[in-house]
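Report on one structure; see the data block that follows.
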Amino acid sequence: MVIPIELNKRQQEILQIVKGNGPITGEQIAERLNLTRATLRPDLAILTMAGFLDARPRVGYFYTGKSGSQLLTENLKKLYVKDYQSLPVVVHENFSVYDAICHMFLEDVGTMFVVDQKSLLVGVVSRKDLLRASIGQQDLTSLPINVIMTRMPNVTVCGGDDLLVHVASKLIDKQIDSLPVVREVEGGFEVFGRITKTNITKAFVSLSKDEM
1 MVIPIELNKR
11 QQEILQIVKG
21 NGPITGEQIA
31 ERLNLTRATL
41 RPDLAILTMA
51 GFLDARPRVG
61 YFYTGKSGSQ
71 LLTENLKKLY
81 VKDYQSLPVV
91 VHENFSVYDA
101 ICHMFLEDVG
111 TMFVVDQKSL
121 LVGVVSRKDL
131 LRASIGQQDL
141 TSLPINVIMT
151 RMPNVTVCGG
161 DDLLVHVASK
171 LIDKQIDSLP
181 VVREVEGGFE
191 VFGRITKTNI
201 TKAFVSLSKD
211 EM
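Numbering (UniProt numbering), first residue to last: 1 to 212.
Given below as structure tokens:
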């Protein structure tokens, strides 16, 4: 579900004026609303940058005919993983569960990506995996992390050129907190980033600020 962009009362009035009278100049709009051009300028800038209106020099403002939902959808399709990803937290498959717990605590993450000797992705280990292992009676210092991790090919991945909104859907569907950002190389996948719910939230909040 895409949440429509909310406009204030004056911005809605401006849209109605341009719809019925476009092309129309800023001065003419201001006159109809009994406002100064300077007072109206921020609203016109917002409506133009958000895509509701189109402005042409010496001609005036046009209504684009797009709804807030359409505009937001178009902008979501401009957000790519590569622009918002963060550095991955990677551990070797021979790490012990104890070492993995310490590493996760120090890095303050909920998921770590596990690689082999060739630095290729072989699995993922989460905070829940480590907690589950620590509850048992096993010696955590001698238990390899590859025993408890989720193994390839059961790991969901994404690429830098994937749309952020598609990755968000994967996180929701899989009920996980992050995905490794990978590039395909000979023999498997190389991890070069991660995309988390926090990354996506920041991107959507930034988009919301731009739209409003």
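Cβ atoms here follow ideal geometry from the backbone N, Cα and C, with glycine treated the same way.
Identity of the residue in the options nearest residue i by Cα
| i | options | result |
| --- | --- | --- |
| D173 | K197, A203, P88 and F95 | K197 |
| A168 | L76, E184 and L121 | L76 |
| A203 | G193, N154, R183 and V165 | V165 |
| D139 | D99, K78 and L40 | D99 |
| E6 | L33, I46 and T25 | I46 |
| G20 | T39, S142, P57 and L53 | L53 |
| Y63 | E107, I176 and V18 | V18 |
| L131 | K9, Y61 and M149 | M149 |
| H92 | D83, G110, K78 and V115 | V115 |
| S206 | G110, L79, V157 and N154 | L79 |
| D177 | T111, Y61, F189 and I29 | T111 |
| L87 | L33, E107 and N94 | E107 |
Exposure of residue i, with buried meaning 16 or more beta-carbon neighbours within 10 Å
| i | result |
| --- | --- |
| D43 | buried |
| D129 | buried |
| C102 | exposed |
| A133 | buried |
| I135 | exposed |
| M49 | exposed |
| F105 | exposed |
| P57 | exposed |
| L179 | buried |
| T201 | exposed |
| V59 | exposed |
Start and end residues, alpha helix (DSSP H) containing residue i
| i | result |
| --- | --- |
| T64 | Careful: T64 lies outside any alpha helix (DSSP H) and carries neither H nor E. |
| D112 | Per the sequence presented here, residue 112 reads as Met, with Asp not at that position. From DSSP, M112 is part of no alpha helix (DSSP H) but of the beta strand (DSSP E) over T111 to V115. |
| residue 276 | Outside the shown range of the chain (1 to 212) lies residue 276, about which nothing can therefore be said. |
| S134 | R127 to I135 |
DSSP-derived helix/strand/coil call for residue i
| i | result |
| --- | --- |
| Y98 | helix |
| V191 | strand |
| L53 | strand |
| L7 | coil |
| S206 | helix |
| I24 | strand |
| E184 | strand |
| P42 | helix |
| T196 | strand |
| R32 | helix |
| R37 | helix |
| V81 | helix |
| V147 | helix |
| V18 | helix |
| M212 | Residue confidence for M212 is low, a pLDDT of 43 falling below 50, so the modelled location carries little weight and cannot support an answer. |
Integer-rounded CB distance, given that residue j should sit under 8 Å from residue i
| i | j | result |
| --- | --- | --- |
| V97 | F113 | Contact doesn't hold; Cβ gap of about 16 Å is too wide. |
| G193 | L120 | The pair is not a contact, with the Cβ atoms about 15 Å apart (cut-off 8 Å). |
Boundaries of the beta strand (DSSP E) in which residue i is found, first to last residue
| i | result |
| --- | --- |
| V155 | Note, V155: premise wrong, no beta strand (DSSP E); not H, not E. |
| V90 | V90 to H92 |
Contact with chain C by residue i, beta-carbon distance below 8 Å
| i | result |
| --- | --- |
| R41 | Absent here is chain C; the protein component of the structure consists of one chain. |
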